[in-house]
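Here is the structure we will look at.
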Amino acid sequence: MSAQATGTIAVFGATGQQGGAVVDALLDHRAQVRALVRNPQSDRAQALAARGVELAATRADDPASLAAALATVEGFYFMTPEANSLEEVEAEVRIGKALVDAAVEAGVPHVVFNSVFGADRESGVPHHDSKHRIEEHLRTSGLRASMVRPTAFMENFASVMAPSLEHGEIVLRMPLSEDVALKMISIRDIGRVAAALLLDTAQAPGGAVELVGDELTGPRIAAAFGAHAGLPARYEALPLSVLPNELDQAMFRQFAEAAAHPSDLAVVRSIEPTALDLVEWIRATGWTAPANAAGS
Ligand SMILES: NC(=O)c1ccc[n+]([C@@H]2O[C@H](COP(=O)([O-])OP(=O)(O)OC[C@H]3O[C@@H](n4cnc5c(N)ncnc54)[C@H](OP(=O)(O)O)[C@@H]3O)[C@@H](O)[C@H]2O)c1
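In my numbering, the protein residues as written are 85 to 380.
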């Protein structure tokens, strides 16, 4: 591990997946970390405190609490919470803008925003356009800013997009046609890249970096899981209508559009040389084939 930060780095979302990975990477570099949390007594906040993370109780709708938590920090990372409705999208934008305004108020030297792929422009995906609006707010704030723009989390294959085992075969289903390559990144690597930017051991070319560790079609993703399990595998493309809401449908249309523009995988590896591709992620996480689906 390289440079050690001289000052405190503030993290919003530290009790969550991406912010948690940023904290892991910062602690690996022996940085001082201050987590902005809603509830310092929560189990997740207390687990951070046990690892030496300072807790600052903040509320996104209380600008004074945010500015106080950002006073004297050397860098600030923030993500914005998941939005599943247009109402939540507006709440997401409010939180993001409030965090930027607080960073301006506190005079934070460098802000890293955990945005999303394609957020350099409007895409018509409500919970991506929210991040575009926050990026614009940050860009015009006068702050030194870097954007990290993650693609789909590989961890989705351990949860919402987990392959199943049916009649001795690994089966992966996604609402994505079989010739579309899905861009993806491990959450660990989101944290590592964001930490490198915060610690100034790397810079985002042009102020933003698309976070992609691999891009594979559904059949190739299924094959990777099958090969690891030593089992045959197949992919089934589902219709968009299986998705619970219009936001997710718009996002999967955007995955297909994004696939038309192959990514430069070398950019992430120039910042984090050990960034995982899917096969490495499967191995690193110790993924094992699920139990046979009921009735199969
Ligand atoms: N899933 C994907 O493949 C993917 C890909 C790219 C981008 N994204 C984006 O990633 C984001 C979700 O990131 P994640 O998975 O890291 O989130 P997460 O694990 O759900 O964590 C959310 C964090 O935000 C905090 N939080 C939530 N609501 C808050 C509020 N109202 N005020 C203050 N803090 C609040 C939570 O703190 P508490 O402990 O207080 O709850 C927690 O630390 C979404 O914006 C999504 O669009 C997702």
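C-beta atoms are modelled at their ideal positions from N, C-alpha and C, and glycine is treated no differently.
Residue i, buried or exposed, once every other Cβ within 10 Å from all chains shown has been counted against 16
| i | result |
| --- | --- |
| T372 | exposed |
| L315 | exposed |
| D125 | Note on residue identity: the sequence assigns Gln, not Asp, to residue 125. Exposed, by the Cβ-count rule. |
| P323 | exposed |
| N198 | buried |
| V244 | exposed |
| D263 | exposed |
| G103 | buried |
| P247 | buried |
| T92 | buried |
| A375 | exposed |
| H113 | buried |
| A89 | With a pLDDT of 47 at A89, under the threshold of 50, the modelled position of that residue is not reliable, and the figure given next carries that caveat. Buried: at least 16 other Cβ atoms inside 10 Å. |
| G191 | exposed |
Reduced DSSP secondary structure (H/G/I, E/B, other) of residue i
| i | result |
| --- | --- |
| M163 | coil |
| P234 | strand |
| I317 | For the record, residue 317 in the displayed sequence is Ala; it is not Ile. Three-state DSSP puts A317 in a strand. |
| M85 | For M85, the pLDDT reaches just 37, beneath the cut-off of 50, and the residue's location in the model is therefore unreliable, leaving the point undetermined. |
| R223 | helix |
| L324 | helix |
| A375 | coil |
| F96 | strand |
| V352 | helix |
| P124 | coil |
| M245 | coil |
| L139 | strand |
| D284 | coil |
| H345 | coil |
| A205 | Checking the sequence, you will find Arg at residue 205 rather than Ala. Three-state result, R205: coil. |
| G370 | coil |
| V173 | helix |
Residue i: CB within 6 Å of a non-hydrogen atom of ligand 1
| i | result |
| --- | --- |
| N240 | yes |
| Q101 | yes |
| V200 | yes |
| P259 | no |
| D211 | Reading the sequence as shown, one finds His at residue 211 and not Asp. Yes; taking the cut-off as 6 Å, the Cβ of H211 has a heavy atom of ligand 1 nearer than that. |
| E388 | Since the first residue shown for the chain is 85 and the last is 380, residue 388 is missing from the structure and cannot be characterised. |
| M245 | no |
| A144 | yes |
| F197 | no |
| R122 | yes |
| G297 | no |
| G97 | yes |
| M231 | no |
| M335 | no |
| P234 | yes |
| F237 | yes |
For residue j and residue i, believed in contact at Cβ under 8 Å, the rounded distance
| i | j | result |
| --- | --- | --- |
| V121 | A141 | 7 Å |
| F309 | I366 | 7 Å |
| A288 | M231 | 7 Å |
| V137 | V107 | 6 Å |
| L283 | A115 | 6 Å |
| G97 | F162 | 6 Å |
| V195 | L227 | 5 Å |
| S270 | G297 | 6 Å |
Beta carbon proximity, residue i to chain D, threshold 7 Å
| i | result |
| --- | --- |
| E220 | The structure shown contains no chain D, having only a single protein chain. |
Those residues which DSSP pairs with residue i across a bridge
| i | result |
| --- | --- |
| N198 | V232 |
| T301 | A265 |
| Q116 | T92 |
| E250 | E253 |
| A292 | M231 |
| M258 | A321 |
Heavy atom of ligand 2 within 6 Å of residue i beta-carbon
| i | result |
| --- | --- |
| A153 | Looking at this structure, you won't find ligand 2 anywhere; what it does contain is ligand 1. |
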